[in-house]
Amino acid sequence: MRKLVVFAAAIALAATVGGARGAGGPSAPVGVTGIALDGQVELAWPAVSGAASYNVYRGGSPSTLSLLASGVAGTGYDDATAANGTTEFYSVRAVDSGSAQSVDSLVVQATAQARACGSGNAVHVENCFPGSTGWRLVSPDAVSAGGIEGFATVSSVNKGGSLDLKINGAAGAKIGDGIYRSGY
């Protein structure tokens, strides 16, 4: 009986100090994205039901993540400490009002890049970053598990032009898309 009381006290202390992780906590954030900019990485994710805040983790590899920011109130975080040319890996955990944490989101990676130019109109400056595939998910869900995969048929479209999106998703899944202008 004494061992049971000591064990229960240890569990209660761990939950109070660090927050419980996983079972009983909120769902993990899905759809975490990282956009590499000049000396920073902007992270964004959809809100998680029951989350009071979020904890953001960063590391030099998907398996070496450590806490970067806790108590993030919104659904985004700007890592203004990301060094240009260094690939960083990020994960986010939802935290409920009782400090219980979700499991990690899928890990995303991004490599901050210096701009190739520093002046001009807003559209010109917006397009001053070199292309990169560093935004890709490290271990995305397979289509059979509810993930999606896809590509555009062209990488550049002139004003008024068109492109096709080829998207594969799980049977019955609802898929939305958004296309954003990044210059003319």
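Mind the numbering: the sequence shown is residues 864 to 1047 in my numbering, read in order.
Heads up, the beta-carbon is just placed ideally off N, CA and C, and yes, glycines get one too.
Since this is a predicted model, take the numbers as computed values, not measurements.
- In summary, SER965 is buried, with 16 or more beta-carbon neighbours lying within 10 Å of its beta-carbon over all protein chains present.
- Taking the C-beta atoms as reference points, SER962 is found no nearer than 8 Å to TYR920.
- If one requires a minimum length of 4 residues, the alpha helix (DSSP H) runs lying completely within the stretch 956-990 are 985-989, in chain order.
- Judged by DSSP secondary structure, ASN918 falls within the beta strand (DSSP E) whose first and last residues are 916-922.
- Rounded to the nearest angstrom, the gap between the Cα atoms of SER926 and GLY1023 is 44 Å.
- Using a C-beta cut-off of 8 Å, the stretch 900-918 makes contact with the stretch 934-941, since at least three inter-stretch Cβ pairs fall below that distance.
- By a beta-carbon distance limit of 8 Å, ALA957 contacts VAL911. Their separation comes to about 4 Å.
- C-alpha of ALA915 to C-alpha of SER933: approximately 11 Å in a straight line.
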